[in-house]
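Here is the structure we will look at, set down as structure tokens.
Numbering (the working numbering), first residue to last: 44 to 287.
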């Protein structure tokens, strides 16, 4: 089996077999990688660090026919220390699951990798709920399933004032083209989403948002995730448990 080296972030780990884990990694050069860490659940395993969420690892992997295998790994710290902030950890896990579910394996994603280096630590610096929402809208731009926020997806006209939103159609719908759209798309929500898209993770300036506008933007996110993923994200249940 051919060996290769890669630096990656741990985005997920699930038990697999008696002492193993299936690890989801994300790297600049290869994008998402699914790999087996054999024996990592045994005491004193040299691969134990491969199973720690949000670790930054230098890895040596062996290419497999169906699954790559972690042969060696060096732990280079964590993207953030969530040991005292479970709410921030819950929202960071949500972002990790979005990335894990929306990108194919072995597709280079340098820009997404670099954004994750900024986004995950930001969960501890600002409201993690808003940070996770901004992360979703920004990461979506790299998936090929982008939404249209400023122009009507049907006629192409610039949206002015309040309008409607259709996740099925892929974005904003003007009043002229509205048919059965149920999601109201106020101008304030549109401006909020556009602000999130331009958010600079290296210079996080405070801003105010009304609860109703935050909830409206979240509903767009959740409705669209359900459409493109066709599955429920487990991290959403974790967020509900932590924040209730």
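Cβ coordinates follow ideal geometry from the N, Cα and C atoms, glycine included. None of the values given here were measured: they were computed from a predicted structure.
Relative to the C-alpha of residue i, which candidate in the options has its C-alpha closest?
i: residue 210; options: 170, 241 and 259; result: 259
i: residue 278; options: 111, 205 and 129; result: 129
i: residue 67; options: 60, 54, 58 and 61; result: 54
i: residue 217; options: 233, 234, 197 and 232; result: 197
i: residue 283; options: 134, 117 and 86; result: 134
i: residue 114; options: 103, 145, 70 and 62; result: 103
i: residue 147; options: 222, 73 and 58; result: 73
i: residue 126; options: 117, 195 and 96; result: 96
i: residue 219; options: 151, 52, 63 and 201; result: 201
i: residue 110; options: 64, 145, 155 and 117; result: 64
i: residue 132; options: 174, 58 and 48; result: 174
i: residue 62; options: 87, 246, 267 and 120; result: 87
i: residue 233; options: 212, 249, 213 and 204; result: 204
Quick one: grab the DSSP three-state call for residue i.
i: residue 286; result: helix
i: residue 262; result: helix
i: residue 156; result: helix
i: residue 118; result: strand
i: residue 242; result: coil
i: residue 279; result: helix
i: residue 273; result: coil
i: residue 256; result: helix
How would you write the range of the alpha helix (DSSP H) that residue i sits in, first residue to last?
i: residue 131; result: 129-145
i: residue 181; result: 171-183
Mind checking who residue i pairs with in its DSSP beta bridge?
i: residue 201; result: 194
i: residue 69; result: 52 and 75
i: residue 80; result: 64
i: residue 102; result: 49 and 116
i: residue 208; result: 215 and 226
i: residue 58; result: 64
i: residue 111; result: 78
For residue i and chain C, any beta-carbon pair shorter than 8 Å?
i: residue 240; result: You won't find chain C in this structure, because it holds only one protein chain.
| said: Below 8 Å, how does it come out for the region 78-85 and the region 180-188: are there three or more Cβ pairs, yes or no? | reply: Output reads no: the region 180-188 does not touch the region 78-85.
| Touching or not, the region 212-230 and the region 249-268, by the rule of three or more beta carbon pairs under 8 Å? | The region 212-230 vs the region 249-268: in contact.
| message | Does the contact criterion of 3 or more C-beta pairs under 8 Å hold for the region 160-167 versus the region 119-138? | response | The region 160-167 vs the region 119-138: in contact.
| request: Indicate whether the contact test is met: 3 or more Cβ pairs, each with one atom in the region 272-286 and one in the region 189-207, closer than 8 Å. | output: Too few Cβ pairs lie closer than 8 Å, so no.
| query | Any chance the region 237-246 sits against the region 166-180, with 3 or more Cβ pairs inside 8 Å? | reply | In short, these stretches touch, since the Cβ pair count reaches three.
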